[in-house]
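The block underneath contains the structure these notes are about, expressed in structure tokens.
Chains as they are written, first to last, in our numbering: chain A, 8 to 152; chain B, 1040 to 1556.
Written out as structure tokens, the structure is:
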């Protein structure tokens, strides 16, 4: 049976470390598939001007293309080069919630993410995406420091 | 940003440095602007507000209410039947997760609301209650409830017939649904009516969406810092609006969009506190509202006067049937146009039934309207066309005094809220006006810039003119939009009915499912 491991990318060094750890782990499993996901932080409950709304579809396409080209595709290419079966996804939404949902939808058995890359006032109050993921995920989560 | 701060500073210093003589001259400018403006707009205003022969009842008020009633009946009280479904849609229960990142129902509603919630809710209600008495509130609520069906009709059509361009951007609104819808149904004159609507929409954007806002923002600021010429406020506002819509300084618009909802919540919160503190008077206030609705309690024109004011200000505040909201709502991402119709029906509810009623209750409870102790009726002003108020306040200053009588510092918060509401409404309406302008003259930098500059000039005129002519022109322009829009909605409502039938049967059969449980 193929084991599917999900890697949560965030475009920073910690994401890179998560990627390296996933590679290491996958090399120890016989049939393993890797899924690299980048979630663009977005909420349907924000306030926007009419002009922003008018342009939103275009912006969304641009955001997805940019995340694909800069973060996901290089990661997937690196994994494939190393001989792994790998694919990538970009989605808008709440990071923790979306990562968990996509993992479940795609039959992932565990999630590997980097430790929160920065800490600030908001994170002290609401917790980081990583903390939220660890607390609410439906599958085991490995946090790479 | 630097240039703007410099500009603000120079204007303020100029205002402070002006001697009494200069102020007198400036007042002269205000008066001249006022007179020229009143003369120019008089005939248009007269036509829109012409009464039915032999009565004092303006035909336009009847036009709006009859339409809202017809839509309510035609769609089988859609505003009540689908209320719960509308809430579910706003919550995102039916949103496809694959569309995450697109304009959500909530965002489309919030954007449309920021264009309507504003001075209509603060100043407009004070005008209604100040002229029509507390009874006007009753008719305002009724108009708000009925108006939900008008909004539902126009916003469904707005999404259904919008233009989607290859780059994914969208343009929608009455001008598009009138021309495309009429063509689809094989009806003549669609293009002509769409052009007519666009002309009125441009006037509406310059009137209610601009001059009235600038005018009342000036009234509020001068009420706090002391009287000074209106054109100064006008120039400052025009500068800020110019920076956003021409200079593309998004940060100002972004800050406003984020602060305005907070201000709205603060406003309703303050009103609620005043009502809770005076809970023993709420029953009496509702008594005044109901009695006044049918007897007028001595207001000019009796109960008809109350009714006209209530209906007029409700329409001005929630814009149901006017068509403006259809422009804002058409940006939503949905495969089902009717879902945006359901969401939009919440707009008059929040705007009129909740926020306007709060304002009215605070004004009535704070006893700013002077009652004749012998008759129990309201005392009229010398001119006999409005109720006497404590200190002779009207419009936004009446609301301010009402809130101030319970929470002494609230007028300062209200002043900030008024300025921000005025600003966000101007930004929204500059967009509505621009969409109509580009519909008429085509898209292009020069064409768009021309409109934006005209828009900014009107801010100065609006702040300088006095309330009477500005409010008349604003109402007339916005109601003129409703004349064309509603006329066309009567022909297009069967399209909405078809959509409604198809959607409800698929909802019942389970074909349309919730994505979250």
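Don't be surprised by glycine CBs; every beta carbon is placed ideally from N, CA and C. These numbers come from a predicted model, not from an experiment.
Opening and closing residue of the alpha helix (DSSP H) in which residue i lies
{"i": "residue 1305 of chain B", "result": "1289 to 1316"}
{"i": "residue 25 of chain A", "result": "20 to 34"}
{"i": "residue 1183 of chain B", "result": "1174 to 1199"}
{"i": "residue 1451 of chain B", "result": "1449 to 1480"}
{"i": "residue 1344 of chain B", "result": "1341 to 1357"}
{"i": "residue 1164 of chain B", "result": "1164 to 1171"}
{"i": "residue 1240 of chain B", "result": "1229 to 1245"}
{"i": "residue 142 of chain A", "result": "136 to 143"}
{"i": "residue 1443 of chain B", "result": "1434 to 1445"}
{"i": "residue 60 of chain A", "result": "57 to 74"}
{"i": "residue 1269 of chain B", "result": "1269 to 1284"}
{"i": "residue 1495 of chain B", "result": "1484 to 1503"}
{"i": "residue 1383 of chain B", "result": "1376 to 1383"}
{"i": "residue 1363 of chain B", "result": "1363 to 1368"}
{"i": "residue 1117 of chain B", "result": "1117 to 1120"}
{"i": "residue 86 of chain A", "result": "80 to 88"}
Start-to-end residues for the beta strand (DSSP E) that takes in residue i
{"i": "residue 94 of chain A", "result": "92 to 100"}
{"i": "residue 1263 of chain B", "result": "Not the beta strand (DSSP E): residue 1263 of chain B falls in the alpha helix (DSSP H), residues 1251 to 1264."}
{"i": "residue 40 of chain A", "result": "39 to 48"}
{"i": "residue 16 of chain A", "result": "10 to 16"}
{"i": "residue 151 of chain A", "result": "148 to 151"}
{"i": "residue 120 of chain A", "result": "117 to 121"}
The ligand GTP heavy atom lying under 8 angstroms from the CB of residue i
{"i": "residue 1186 of chain B", "result": "Ligands are entirely absent from the displayed structure, and the ligand GTP is therefore not among its contents."}
Residue i classed as buried or exposed, judged by whether at least 16 other C-beta atoms fall within 10 angstroms
{"i": "residue 144 of chain A", "result": "buried"}
{"i": "residue 1270 of chain B", "result": "buried"}
{"i": "residue 1141 of chain B", "result": "buried"}
{"i": "residue 48 of chain A", "result": "exposed"}
{"i": "residue 17 of chain A", "result": "buried"}
{"i": "residue 1263 of chain B", "result": "exposed"}
{"i": "residue 1433 of chain B", "result": "buried"}
{"i": "residue 1213 of chain B", "result": "buried"}
{"i": "residue 1474 of chain B", "result": "buried"}
{"i": "residue 1255 of chain B", "result": "buried"}
{"i": "residue 1508 of chain B", "result": "buried"}
{"i": "residue 1177 of chain B", "result": "buried"}
{"i": "residue 1386 of chain B", "result": "buried"}
Closer than 9 angstroms to chain B by CB, residue i
{"i": "residue 64 of chain A", "result": "yes"}
{"i": "residue 147 of chain A", "result": "no"}
{"i": "residue 113 of chain A", "result": "no"}
{"i": "residue 44 of chain A", "result": "no"}
{"i": "residue 119 of chain A", "result": "no"}
{"i": "residue 100 of chain A", "result": "yes"}
{"i": "residue 55 of chain A", "result": "yes"}
{"i": "residue 110 of chain A", "result": "no"}
{"i": "residue 47 of chain A", "result": "yes"}
{"i": "residue 23 of chain A", "result": "no"}
{"i": "residue 52 of chain A", "result": "yes"}
{"i": "residue 137 of chain A", "result": "no"}
{"i": "residue 78 of chain A", "result": "no"}
{"i": "residue 61 of chain A", "result": "yes"}
{"i": "residue 105 of chain A", "result": "yes"}
CB contact below 9 angstroms: residue i versus chain A
{"i": "residue 1466 of chain B", "result": "yes"}
{"i": "residue 1371 of chain B", "result": "yes"}
{"i": "residue 1470 of chain B", "result": "yes"}
{"i": "residue 1206 of chain B", "result": "yes"}
{"i": "residue 992 of chain B", "result": "Residue 992 of chain B falls outside the range modelled here, since chain B spans only 1040 to 1556, and no answer is possible."}
{"i": "residue 1154 of chain B", "result": "yes"}
{"i": "residue 1142 of chain B", "result": "yes"}
{"i": "residue 1489 of chain B", "result": "no"}
{"i": "residue 1147 of chain B", "result": "yes"}
{"i": "residue 1375 of chain B", "result": "no"}
{"i": "residue 1296 of chain B", "result": "yes"}
{"i": "residue 1412 of chain B", "result": "no"}
{"i": "residue 1286 of chain B", "result": "no"}
{"i": "residue 1136 of chain B", "result": "yes"}
{"i": "residue 1131 of chain B", "result": "yes"}
Nearest-angstrom Cβ-Cβ length linking residue i and residue j, presumed shorter than 8 angstroms
{"i": "residue 1435 of chain B", "j": "residue 1161 of chain B", "result": "6 angstroms"}
{"i": "residue 1472 of chain B", "j": "residue 1240 of chain B", "result": "6 angstroms"}
Sheet register partners of residue i (DSSP bridge)
{"i": "residue 1203 of chain B", "result": "B:1209"}
{"i": "residue 1158 of chain B", "result": "According to DSSP, which records beta bridges pairwise, residue 1158 of chain B is partnered with nothing at all."}
{"i": "residue 1410 of chain B", "result": "B:1417"}
{"i": "residue 1428 of chain B", "result": "B:1408"}
{"i": "residue 1097 of chain B", "result": "B:1090"}
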